[in-house]
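The block underneath contains the structure these notes are about, expressed in structure tokens.
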Amino acid sequence: MGSLFSKKPQSKVTEQDKAVLQLKSTRDKIRQYQKRSEATLEKDRQLAKQLLQNGKKDRAKLLLRKKRFIEEQLTKTDGTLENIEKMIQDIEFAQIEMKVVDSLKVGNEALKQINEMLSIEDVERILDETQEAAEKQREIDALLSGGILTDEDESAVEEELDALIAAAVEKQLPEAPSAAENPEVELPDVPETLPEPAKEKVKTKERVAMAAS
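Residue numbering for the sequence shown follows numbering that gives the first Met the number 0, starting at 0 and increasing by one per position.
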């Protein structure tokens, strides 16, 4: 119940806010003066025409002098309004810049606190844990899908692969010719005794060898 009827915290009014409020109040008063003066000028213009028509030239001239003075005052108020508007804009923009600087200070302080909470070691540890968790999840997925192989399975796969490669190489080699395609060539019989000329040469060599000995 107390929270329902609690008063809202009042916003703090700064000196800059008071200055802007005062400048805006002065600006509004000058605008009101300009509106009244413009209305007076129009009335004096019409009245001066009427006085001239009635032959009252002196009074018409006096009224035109008054009109001229009011016009000069309006010209001055235009410059005053321009300066006031510029001052208001400068103060309001400066207030925005102050808020931006304050926000940057708060953000910088928050960033420092975060950096103190998260050190380089913590970040590296978190990354390592994340990688380990991802690898473990992949292993779990492989087990659930029945796709994981043991070392024996890997060896069997390698052996089967080698056998397939050997079979493919053997298939590409040319086949050895068969006996039907290459009939056996008959060689001539070797003579048991030397011919006569050969016998004479052998005997001659034997005699030369005996003489030398």
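Here a beta-carbon is modelled for each residue, glycine too, at the ideal position from N, C-alpha and C.
L117 (DSSP reduced to helix, strand or coil): coil
Ranges of the alpha helix (DSSP H) found wholly within the stretch 72-125, counting only runs of at least 4: List check, alpha helix (DSSP H) in window: nothing returned.
Chain-order list of residues whose beta-carbon lies under 6 Å from that of S2 (same chain, five-residue window excluded): Residue confidence for S2 is low, a pLDDT of 48 falling below 50, so the modelled location carries little weight and cannot support an answer.
Pair within 8 Å by beta-carbon distance, A18 and I90: yes
As assigned by DSSP and simplified to three states, the class of T13: coil
Check whether L73 and Q45 have beta carbons under 8 Å apart: no
Exposure label - A47; buried when at least 16 CB within 10 Å: buried
Test item: CB-CB of K23 and I87 under 8 Å: yes
With 16 other Cβ atoms within 10 Å as the buried cut-off, status of L160: exposed
Under 8 Å between C-beta atoms of Q94 and Q21: Contact check for Q94 against Q21 fails: the beta carbons are separated by 8 Å or more.
Rounded C-alpha distance that separates F68 from L40: 10 Å
Close Cβ partners of S36 (< 6 Å) along its chain, the five nearest in sequence each way excluded: I69 and L73
K170, enclosing alpha helix (DSSP H) - first and last residue: D150 to Q171
Cα-Cα separation, E128 to R137: Whole-angstrom Cα-Cα distance: 14 Å.
Within 8 Å, strictly: CB atoms of R26 and L110: no
Pair within 8 Å by beta-carbon distance, D43 and K65: yes
D152: CB within 7 Å of a non-hydrogen atom of the ligand NAD: This structure lacks the ligand NAD, and indeed carries no ligand of any kind.
Residues near D150 in its chain [Cβ-Cβ closer than 7 Å; skip 5 each side]: none
Residue environment, L62, which counts as buried when at least 16 other CB atoms sit within 10 Å: buried
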